[in-house]
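**Q** Sending over a structure as structure tokens; questions will come in a sec.
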Amino acid sequence: MKDAGRTIVIIGASTGGPRILDRIFRDFPYMDLVIIIVQHMPDHINLSLKDKLAGYTGMNVRIAEDGEIIENGSIYLAPSGYYLTLENNRIIRLSSDVKSGYVAPSADAALQSLVRREGDSIAGVVLTGMGFDGAAGISHLKSIGGLTISQNMETSIIHSMPMAAFETGCVDYVLSPEKIRDMIIEMARHHK
Amino acid sequence: MQAGSDKKIMIVDDDPYVRVVVKEIFEPEGFEVVSAESGQQCLEILEGSGFRGVILMDIMMPGMDGWETIREIIRRGYAKGSVIAMLTAVEDPGELEDWRNITEYVIDYITKPFESDEILNNVSDLMDLIPEN
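As they're listed, the protein sequences go chains A and B.
Okay, so the first sequence: first residue is 6 according to this note's numbering, each after it adds one.
Okay, so the second sequence: first residue is 186 according to this note's numbering, each after it adds one.
This is how it looks when you write it as structure tokens:
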């Protein structure tokens with residue numbers, strides 16, 4: 006059966022991220038798209054963040070598992086301590102082979118695993134956070150024709166991650182959380 | 186630590202004024218507030234307490250600073266029931282190197298001075314992330 010193509014959005018966030026995820030996903034409707042959230046966090050809050058998101062979005066929220074085939078209408082939360090990647094834009098892979106000194110999950114690892122695939126619409130978003138995770142991923146995404154977004158400075162609690170993404174010169178849009186939400190919804194609506 | 190309110194916060198700050206203000210904001214809202222005036226005292230309070238709540242951590246403190254205290258909290262395994270937020274006058278630590286390897290433990294960042302409504306809302310949101318027993 007021919008694959009109809011997917012809308013896939015990968016969101017990277019670190020310090021201050023949960024507050025911004027609230028603003029993006031509160032009352033977010035069920036839509037035919039796949040969202041992957043790469044939030045830097047200790048493993049003891051994976052489940053509580055999943056439950057919090059599930060409490061206010063219409064999407065199905067789950068903690069990603071190795072080997073899962075992505076399903077529309079789902080938000081996958083990358084578990085702590087693993088690099089989440091997508092195989093051929095469809096299958097979730099989790100690897101615990103984490104480079105020393107690097108944070109896991111990693112927005113770079115997730116974004117850099119995306120490939121150009123006919124019929125797919127792909128986007129990457131870098132939100133507030135310390136460090137520079139997501140910048141290399143945004144450059145990669147731009148090189149394969151994806152849509153790239155960073156959170157604006159006015160609403161970023163910590164500037165360094167979205168700023169690092171912006172400084173790559175590969176960011177298409179610099180937006181507030183509410184505008185990021187609108188753009189994700191528009192993207193899904195136009196992918197028919 | 187005795188069982189009490191299920192809404193617990195710890196304020197770690199060498200400035201007594203900040204500790205008092207945080208107490209005055211949160212206690213009327215039903216929070217149990219524990220104060221520590223140094224990183225060392227924070228660790229002493231956490232030891233064996235099974236603390237479950239939000240830890241508001243100042244960065245610049247004499248002796249053990251906030252980053253070092255967080256590293257020690259993680260190393261000693263005291264972080265398992267808590268969510269840590271920096272509460273600091275440093276507006277953006279982006280240029281500092283100190284966050285390396287602990288970024289995933291610093292869930293939020295609240296700058297001083299703060300409005301009482303703002304800090305109440307932020308901490309209430311963080312309470313949702315405290316894992317269940």
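C-beta: ideal position from N, C-alpha, C; glycine also.
For A/M188 and chain B, any beta-carbon pair shorter than 8 angstroms?
**A** Residue mapping note: residue 188 of chain A aligns to position 183 of the first sequence, counting from 1. With 8 angstroms as the cut-off, A/M188 does not count as an interface residue toward chain B.
**Q** Would you call A/G22 buried or exposed, if buried means 16 or more other Cβ atoms sit within 10 Å of its Cβ?
**A** Mapped onto the first sequence, residue 22 of chain A falls at position 17. Buried, by the Cβ-count rule.
**Q** Grab me the residues of A/V66's own chain with a C-beta within less than 6 angstroms of its C-beta, minus the 5 sequence neighbours each way, in chain order.
**A** Residue 66 of chain A sits at position 61 when you count from the first residue of the first sequence. Here the set comprises K55, L58, A59 and I80.
**Q** Between B/E214 and chain A, is any beta-carbon pair separated by less than 8 angstroms?
**A** Locating residue 214 of chain B in the second sequence gives position 29, where the first residue counts as 1. Output row for B/E214: interface = no.
**Q** Report, in whole angstroms, the separation of the C-beta atoms of B/R237 and B/K193, which I expect to be a contact under 8 angstroms.
**A** If you number the second sequence from 1, residue 237 of chain B lands on position 52. If you number the second sequence from 1, residue 193 of chain B lands on position 8. Sure, about 6 angstroms apart at Cβ, within 8 angstroms.
**Q** Spatial neighbours of A/S165 within its chain, please: C-beta separation below 8 angstroms, excluding the five flanking residues on both sides.
**A** The sequence position of residue 165 of chain A within the first sequence is 160, counting from 1. Excluding positions up to five away in sequence, the list reads G134, M135, G136 and F137.
**Q** For A/E172 and A/A114, I'd like the C-alpha separation in whole angstroms.
**A** Position 167 of the first sequence, counted from the start, is the residue given in the question as residue 172 of chain A. Position 109 of the first sequence, counted from the start, is the residue given in the question as residue 114 of chain A. Using only the alpha carbons, I get a separation of about 19 angstroms.
**Q** Quick check on DSSP: helix, strand or coil for A/M46?
**A** Position 41 of the first sequence holds residue 46 of chain A. Three-state DSSP puts A/M46 in coil, outside helix and strand.
**Q** Are the CB atoms of B/T249 and B/G215 nearer to each other than 8 angstroms?
**A** Walking along the second sequence from the start, residue 249 of chain B turns up at place 64. Walking along the second sequence from the start, residue 215 of chain B turns up at place 30. First, the residue type needs correcting, since residue 249 of chain B is Met and not Thr in the sequence shown. No, Cβ-Cβ distance for B/M249 and B/G215 is not below 8 angstroms.
**Q** Determine the DSSP secondary structure at B/K265, reduced to helix, strand or coil.
**A** Numbered from 1 along the second sequence, position 80 holds the residue referred to as residue 265 of chain B. B/K265: coil per DSSP, three-state reduction.
**Q** What residue from B/V205, B/D200, B/L228 and B/A264 has the CA that sits closest to B/I292's CA?
**A** On the second sequence, position 107 is the one that residue 292 of chain B refers to. Selected option, being the one with the closest Cα: B/A264.
**Q** Using 10 angstroms around the beta-carbon of A/I68, count the other beta-carbons present and answer buried if the total reaches 16, otherwise exposed.
**A** Counting from one through the first sequence, the residue named residue 68 of chain A turns up at place 63. The residue is exposed, with fewer than 16 neighbouring Cβ atoms inside 10 Å.
**Q** Leaving aside the five residues before and after A/P34 along the sequence, list all residues of the same chain whose C-beta is less than 6 angstroms from its C-beta, in chain order.
**A** For this step, residue 34 of chain A is matched to residue 29 along the first sequence. Taken in chain order, the residues that qualify are G63.
**Q** For A/A83, which residues in the same chain have their Cβ closer than 6 angstroms to its Cβ, ignoring the five residues on either side in sequence?
**A** Locating residue 83 of chain A in the first sequence gives position 78, where the first residue counts as 1. Closer than 6 angstroms at the Cβ level, and outside the excluded window around A/A83, lie V43, A69, L89 and P110.
**Q** Counting contacts by CB-CB distance shorter than 8 angstroms, is A/T20 in contact with chain B?
**A** Reading the first sequence from its first residue, position 15 is the one you call residue 20 of chain A. Closer than 8 angstroms to some Cβ of chain B, the Cβ of A/T20 qualifies, so yes.
**Q** Would B/Q187 count as contacting chain A if we go by Cβ distances under 8 angstroms?
**A** Position 2 of the second sequence, counting from 1, holds the residue named residue 187 of chain B. Low confidence applies to B/Q187: its pLDDT is 41, below 50, so where it sits in the model is not reliable, and the reading given next is rough at best. Not an interface residue.
**Q** Please report how far the alpha carbon of B/V275 lies from the alpha carbon of A/I40, in whole angstroms.
**A** In the second sequence, counting from the first residue as 1, residue 275 of chain B sits at position 90. In the first sequence, counting from the first residue as 1, residue 40 of chain A sits at position 35. Their Cα atoms are separated by approximately 33 angstroms.
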